[in-house]
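Everything in the sequence shown is counted per full-length UniProt numbering, starting at 1 for the first residue and increasing by one.
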Amino acid sequence: MTDIYENLRVGFIGAGSIAEAMITGLTRGKVIQPRNIAVVNRSNHVRLQELEDRYQLSRHSHDEQAILESDVIVLAIKPKFAGQVLQDWGPKFRKNQLILSVIAGVSTDQIEAACPQKVAVVRTMPNTSAAVGRSATAICSGRHVKEHDISTAKTILEAIGIVIEVQEPQMDAVTGLAGSGPAYFYYMVEAMQKAGVYVGLEADIARQLLIQTCIGAAEMLLHTGKEPSRLREEVTSEGGTTFAGLTTLKKFHFEEAICEAIFKATERSQELGKPASDLSSRC
Ligand SMILES: NC(=O)C1=CN([C@@H]2O[C@H](COP(=O)(O)OP(=O)(O)OC[C@H]3O[C@@H](n4cnc5c(N)ncnc54)[C@H](OP(=O)(O)O)[C@@H]3O)[C@@H](O)[C@H]2O)C=CC1
Ligand SMILES: O=C(O)[C@@H]1CCC=N1
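Okay, structure coming up:
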């Protein structure tokens with residue numbers, strides 16, 4: 001671990017929200033030395049300066065050379081830029097580098113195809129709870145990945161939450177479920193907060209109650225080991241308030257709506273990964 005902290009160099013191509021969440025986890029958790037972190041973006045120099053100041057990165061952290069000398073290169077750009085970035089950078093990646101991609105939908109095959117050298121590619125799907133060290137991250141391996149690459153990938157990603165290994169065909173489902181997942185919860189909380197106001201609470205009080213309700217429910221799931229259905233039943237008295245609320249959710253096809261949302265998000269992730277020849281046509 002000390003060896004990794006002192007010596008491992010990590011370069012980010014893309015300086016957006018996921019890159020920053022990872023830099024936060026790596027520096028706060030003392031996994032990687034700030035001086036060993038490099039980060040570049042397309043054009044937003046103010047953003048790079050902000051990251052340099054906030055995380056005490058080196059003044060050379062935004063040089064192309066600093067990225068190319070990194071042991072691990074994190075691809076943290078939107079899918080629509082993947083084609084261009086891989087075309088520009090892929091030929092420069094070296095055989096002993098680990099490429100860690102967080103790009104939704106883009107497969108290890110597609111990344112490998114853009115790299116003439118046999119680079120190790122680990123595809124990952126974190127979520128934005130990475131910013132508070134609570135990401136649910138899945139990873140899968142490309143064809144040149146060795147055990148030590150997986151171990152390095154896990155060390156980096158465990159700085160931002162839990163890491164689960166899956167097979168690559170499952171990555172789109174992971175994206176639809178857990179990558180996008182926080183947004184579904186926020187949407188639910190938005191709706192509940194509005195409802196709280198509608199039934200007579202001040203927005204601020206509704207918000208406080210809801211945040212604690214979410215934390216409490218998540219902790220119950222984590223610590224009791226009980227199925228969510230059992231925990232739901234424990235809240236629900238026959239003919240009581242919860243029963244009235246849940247019956248209404250059923251009437252409005254709550255379960256079908258959630259299932260369809262995750263299905264559509266998964267399908268979208270599959271679309272983002274096609275066609276292999278034209279990565280630049282994505283949104
Ligand atoms: N946000 C999320 O919840 C999650 C996102 N992801 C995936 O992570 C990836 C990044 O998402 P996110 O951080 O939200 O995106 P952001 O839009 O916040 O950041 C994208 C970054 O990519 C940079 N960029 C664009 N083009 C280039 C280029 N040619 N060379 C170098 N850098 C470039 C941008 O630079 P500039 O500002 O200068 O244009 C920007 O810094 C996406 O593929 C997404 O699918 C995965 C899991 C969760
Ligand atoms: O919405 C998106 O495409 C990205 C991938 C998962 C979360 N955000």
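All C-beta atoms in this analysis are idealised placements derived from N, C-alpha and C, irrespective of residue type, glycine included.
Keep in mind the model is a prediction, meaning the values are calculated, not measured.
### Task
Rounded to whole angstroms, what's the CA-CA distance from S237 to M171? Just pull it up for me.
39 Å
Unbroken alpha helix (DSSP H) runs of length 4 or more, entirely within the segment 1 to 67: which are they?
2 to 7, 17 to 28, 45 to 55
Would you kindly work out how many angstroms separate the C-alpha atoms of I37 and T247, rounded to a whole number? 52 Å
In chain order, which alpha helix (DSSP H) runs of at least 4 residues are fully inside the segment 136 to 202? Counting only runs of 4 or more, we get 147 to 157, 171 to 174, 181 to 198.
Original post:
For I99, which of helix, strand or coil comes out of DSSP?
Top reply: strand
Which term fits F263, buried or exposed, when burial requires 16 or more other beta carbons within 10 angstroms of its beta carbon?
exposed
Q: Whole angstroms is fine: what's the gap from L177's alpha carbon to A265's?
A: 8 Å
| said: Are the CB atoms of I67 and G133 within a distance shorter than 9 Å? | reply: It is not a contact, given that the beta carbons lie outside the stated cut-off.
Determine whether the beta carbon atoms of I32 and I156 lie at a separation below 9 Å. yes
(message) Quick check on D149: buried or exposed, where buried means 16 or more other Cβ atoms within 10 Å of its Cβ?
(response) buried
- Nearest to S141 (by Cα), restricted to the options I99, T175, G25, A257: I99
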